[in-house]
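Notes follow once the structure below has been shown.
Number of protein chains: 2
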Amino acid sequence: MHEQTIVKLTLQYDGTGFHGFQKQKHGAVRTVQQDLECALGGLAARPVEVQGAGRTDAGVHALGQVVSFAWSGALPPERVAPALGPLLPPDMAALESEAAPHDFHAQFSAVAKTYAYLCYPARRPAPLLRHRALHVPAAFDPALAEAALEPLVGTHDFSAFENAGSTPRDPVKTIHAFTLERRPPFFIFLVTGSGFLYRQVRNMVGAAVDAGLGRMGPQDITRALESRDRALAGPCLPAHGLYMVRVFYEPSLVSHECIF
Amino acid sequence: MHEQTIVKLTLQYDGTGFHGFQKQKHGAVRTVQQDLECALGGLAARPVEVQGAGRTDAGVHALGQVVSFAWSGALPPERVAPALGPLLPPDMAALESEAAPHDFHAQFSAVAKTYAYLCYPARRPAPLLRHRALHVPAAFDPALAEAALEPLVGTHDFSAFENAGSTPRDPVKTIHAFTLERRPPFFIFLVTGSGFLYRQVRNMVGAAVDAGLGRMGPQDITRALESRDRALAGPCLPAHGLYMVRVFYEPSLVSHECIF
Numbered sequence: 099m100h101e102q103t104i105v106k107l108t109l110q111y112d113g114t115g116f117h118g119f120q121k122q123k124h125g126a127v128r129t130v131q132q133d134l135e136c137a138l139g140g141l142a143a144r145p146v147e148v149q150g151a152g153r154t155d156a157g158v159h160a161l162g163q164v165v166s167f168a169w170s171g172a173l174p175p176e177r178v179a180p181a182l183g184p185l186l187p188p189d190m191a192a193l194e195s196e197a198a199p200h201d202f203h204a205q206f207s208a209v210a211k212t213y214a215y216l217c218y219p220a221r222r223p224a225p226l227l228r229h230r231a232l233h234v235p236a237a238f239d240p241a242l243a244e245a246a247l248e249p250l251v252g253t254h255d256f257s258a259f260e261n262a263g264s265t266p267r268d269p270v271k272t273i274h275a276f277t278l279e280r281r282p283p284f285f286i287f288l289v290t291g292s293g294f295l296y297r298q299v300r301n302m303v304g305a306a307v308d309a310g311l312g313r314m315g316p317q318d319i320t321r322a323l324e325s326r327d328r329a330l331a332g333p334c335l336p337a338h339g340l341y342m343v344r345v346f347y348e349p350s351l352v353s354h355e356c357i358f
Numbered sequence: 099m100h101e102q103t104i105v106k107l108t109l110q111y112d113g114t115g116f117h118g119f120q121k122q123k124h125g126a127v128r129t130v131q132q133d134l135e136c137a138l139g140g141l142a143a144r145p146v147e148v149q150g151a152g153r154t155d156a157g158v159h160a161l162g163q164v165v166s167f168a169w170s171g172a173l174p175p176e177r178v179a180p181a182l183g184p185l186l187p188p189d190m191a192a193l194e195s196e197a198a199p200h201d202f203h204a205q206f207s208a209v210a211k212t213y214a215y216l217c218y219p220a221r222r223p224a225p226l227l228r229h230r231a232l233h234v235p236a237a238f239d240p241a242l243a244e245a246a247l248e249p250l251v252g253t254h255d256f257s258a259f260e261n262a263g264s265t266p267r268d269p270v271k272t273i274h275a276f277t278l279e280r281r282p283p284f285f286i287f288l289v290t291g292s293g294f295l296y297r298q299v300r301n302m303v304g305a306a307v308d309a310g311l312g313r314m315g316p317q318d319i320t321r322a323l324e325s326r327d328r329a330l331a332g333p334c335l336p337a338h339g340l341y342m343v344r345v346f347y348e349p350s351l352v353s354h355e356c357i358f
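Line order of the protein sequences matches chains A and B.
Sequential numbering from 99 applies to the first sequence in my numbering.
Sequential numbering from 99 applies to the second sequence in my numbering.
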């Protein structure tokens, strides 16, 4: 019998084939947590339960999701990720694993996260990009979209950008940086913040894309924020353009870097 | 009753969900030709049969496949592509259509084609790239791979780079240009030639990737060409990294351009 260690594991996945991160009670659908716990359980020869840094929705991708779990397997923590590789489905990969402090929790210990939302302006949707990025009309003006990001940076009550359907929590969040990166054919909305409300990123980028199409301006974003009214804050974009990029656990290490 | 016109139509598709281009006799599987003919038949209100410029294998993608067909529908040729859009599945798109000379044939009238093969060197396969590009070991050296392309350019008997299983045809082909383009995280093998034997591109790039990993050198490529022996010419790479990029019908318009 080995002593229990807390392990921190970093994951990538293609969200297309998953009904989100969270395990379902009546589990006839694939979820990230379920497939991961199944592989970890095989490795530990006992059930393993994981906590994710964020519960990505169905179709949302991850370049650097973090999970934590108690580990009493024979394998040292840093060997868990490489050993997991062959046990995971091809739409999921374990990047690295390490021992974490005994009170580490992937969700509650996080101090900041970076998300990316990819879109591409074109006359028509591209079949090869359909589960990876949002098609937007060719008229999309990146300068207009960029101008709409500025009012969102800082500490605000983001109620207007939260969808119904989640456990109520403090609507005041801090956005450290919100930028528009150019990676032809993509425009990447990159946002780093203290935490995000339910669908907040998809809603904020929805407003910014609307701004890029001339449908709203920076002053409408400010008005929406102040109103705390979801109806004023633009559309919620589909899941398939969203990527969970990084999770930070050390305030001094928080950065805003586009790793695409 | 409208007169028959020959229409030239340019297509994009994600090859992942198709069992190749060609219609199957016992058609329980999805093919590009079948889905396209089904949509065109709906538009023309009569059966339409298409010829493709090349019969891409299962899993091979297309950015610019060309098909031709006889058209007697009410719609003018240039309106066929836009009208087809909503009738096609989401992994296929019609880019443009136009009237062609009465003797135009997508395959036999072609004078050159460009293909691309995408690979990315990394410590492990990336889930989000798994149907789009080939994972190669991180030790891949692009300069070595590049040096292996040179002996393949020009007019040669490419028997050593043809797989068994196709109708016998003239093994002498001309490669106009064969380059390695850098589009991080990808390396793109881009080849433009008069025509290609069965699996020739996947076999040539297989040899070049082997060269990039130090497993063969330019002199081995020359020796393989001269031997006409498939066993000396490196591995056939999987389909999912291959893209049919462009088909040319005018010798004066042939170009070698990376449109990624």
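Where a beta carbon is used, it is the ideal one built from N, C-alpha and C, also for glycine.
Checklist entry - How about A:LEU311 and A:ALA241: are their beta carbons less than 9 Å apart? => result no
Item to check | B:GLY293 to B:ALA258 span [Cα, whole Å] | outcome: 15 Å
Item to check | Boundaries of the alpha helix (DSSP H) in which A:PRO180 is found, first to last residue | outcome: 175–182
Checklist entry - By the 10 Å Cβ neighbour count, where 16 or more other Cβ atoms means buried, how is A:ARG297 classified, buried or exposed? => result buried
Checklist entry - Whose Cβ in chain A lies nearer than 8 Å to the Cβ of B:GLY417? => result Lying before the first or after the last residue shown, residue 417 of chain B is absent from chain B, which here runs from 99 to 358.
Next on the checklist: Taking 9 Å as the threshold (beta carbon to beta carbon), is B:MET99 in contact with chain A?
Outcome noted: Here B:MET99 scores only 48 on pLDDT, less than 50, and its place in the model should not be relied on; the value that follows carries that caveat. So no, B:MET99 is outside the interface.
Checklist entry - If you count every other CB in all the chains shown that lies within 10 Å of the CB of B:GLN163, and 16 or more means buried, which is it? => result buried
Next on the checklist: Applying the 10 Å Cβ sphere with the 16-neighbour rule, what's the burial state of B:ASP201?
Outcome noted: exposed
Next on the checklist: Here's the rule I'm using: 16 or more other beta-carbon atoms within 10 Å means buried, otherwise exposed. How should B:GLY118 be labelled?
Outcome noted: buried
Checklist entry - Near A:ARG281, which residues of its chain fall below 6 Å by C-beta distance, leaving aside the five closest residues on each side in sequence? => result PHE358
Next on the checklist: By the three-class DSSP mapping on this structure, what secondary structure does A:MET302 have?
Outcome noted: helix
Checklist entry - Hey, how far is the Cα of A:VAL303 from the Cα of A:HIS274? => result 15 Å
Next on the checklist: Closest to B:VAL345 by C-alpha separation, out of B:GLY152, B:HIS233, B:LEU227, would be which residue?
Outcome noted: B:GLY152
Item to check | Cα-Cα separation, A:ALA329 to A:PHE116 | outcome: 29 Å
Checklist entry - What are the residues of the region 220–250 of chain B that lie near chain A, defined by any Cβ-Cβ distance shorter than 8 Å? => result ARG222, PRO223, ALA224, PRO225, LEU226, ARG228, ARG230
Item to check | Same chain, Cβ closer than 6 Å to A:PRO333, neighbours up to 5 away in sequence not counted | outcome: GLY304
Next on the checklist: Going by beta-carbon coordinates alone, are B:PHE285 and B:LEU247 separated by less than 9 Å?
Outcome noted: no
Checklist entry - Are the C-beta atoms of A:LEU193 and some chain B residue less than 9 Å apart? => result yes
Checklist entry - Just the Cα atoms here: how many angstroms apart are B:MET190 and A:THR320? => result 40 Å
Item to check | Coil, strand or helix - A:HIS354 by DSSP | outcome: coil
Next on the checklist: I'd like to know if A:HIS159 contacts chain B, where contact means its C-beta is closer than 9 Å to some C-beta of that chain.
Outcome noted: yes
Next on the checklist: 9 Å is my cut-off, CB to CB: does A:GLN110 come that close to chain B?
Outcome noted: yes
Checklist entry - How about B:LEU182 and B:LEU107: are their beta carbons less than 9 Å apart? => result yes
Checklist entry - What is the rounded straight-line gap between the Cα of A:VAL158 and the Cα of A:SER353? => result 22 Å
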